[in-house]
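Heads up: the structure comes next, in structure tokens.
2 protein chains.
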Amino acid sequence: MKKYRVKIEIRLKPGILDAEGRAIEKAIERFGVNAQNTRKGKIIEFELYAKEREEVESQVKSLTEKLLINPLTEEYNLKISDE
Amino acid sequence: MKKYRVKIEIRLKPGILDAEGRAIEKAIERFGVNAQNTRKGKIIEFELYAKEREEVESQVKSLTEKLLINPLTEEYNLKISDE
């Protein structure tokens, strides 16, 4: 068994209004910095023991799509590294 | 003026209890995947026009430390790319 580090980045899809991102953008503007297209996303990271990278990838894809994201409004990308 | 894309990753510091990360880990376990050290972080992304990368870097460092993170409990890393 090998230890894998998993990093899942979850973002709102481009067309979806990001209310939190807008609030952050206004705060950044008040700070004097002219930010545009501000978006807020999530990172979920964990470690996992498995025999093969392919096993990790298929498990993590499945759990991300079924459990961690809302496929109507969110998209994700996946990084898997071994140690 | 050049357009820069800024990505700020914000994580709880290693010693800080991550209650949300634990809740996610339990959900992942119920899904049948044995995740460990599950942590939840944030991504804040925006675009910015500036003359030089150094200018962007110092502005974004300052606003991140003063506005976006809680320096007692959170740490961050910064990626700046130009187009």
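Protein chains in written order, with my numbering: chain A, 1 to 83; chain B, 1 to 83.
Using N, Cα and C, we set each Cβ at its ideal position, and we do this for glycine too.
Considering residue i, what are the terminal residues of the beta strand (DSSP E) in which it resides?
{"i": "L63/A", "result": "Note, L63/A: premise wrong, no beta strand (DSSP E); alpha helix (DSSP H) at R53 to L63."}
{"i": "A35/A", "result": "Taken as a continuous stretch (DSSP letters only), A35/A belongs to no beta strand (DSSP E), as it is neither H nor E."}
{"i": "I8/B", "result": "K2 to L12"}
Following the continuous alpha helix (DSSP H) through residue i, name the residue where it begins and the one where it ends.
{"i": "E25/B", "result": "A19 to R30"}
Assign residue i to one of three DSSP states: helix, strand, or coil.
{"i": "K40/B", "result": "strand"}
{"i": "L68/A", "result": "helix"}
{"i": "K79/B", "result": "strand"}
Are residue i and residue j close, meaning C-beta to C-beta below 8 Å?
{"i": "L68/A", "j": "I8/A", "result": "yes"}
{"i": "T38/B", "j": "F31/A", "result": "no"}
{"i": "K40/A", "j": "I44/B", "result": "yes"}
{"i": "L63/B", "j": "V60/A", "result": "no"}
{"i": "E29/A", "j": "A23/A", "result": "no"}
{"i": "K79/B", "j": "K42/A", "result": "no"}
Residues in the same chain with beta-carbon distance under 6 Å from residue i, minus the five sequence neighbours each way, listed in chain order, please.
{"i": "D82/A", "result": "K2 and Y4"}
{"i": "K66/B", "result": "none"}
Can you list, in chain order, the residues of its chain whose CB lies under 7 Å from that of residue i, leaving out five sequence neighbours each side?
{"i": "E20/A", "result": "K40"}
Please confirm if the stretch 62-81 of chain A is in contact with the stretch 10-21 of chain A, defined as three or more CB-CB distances below 8 Å between the two stretches.
Look at the beta carbons and you see the stretch 62-81 of chain A touching the stretch 10-21 of chain A: at least three pairs across the two are nearer than 8 Å.
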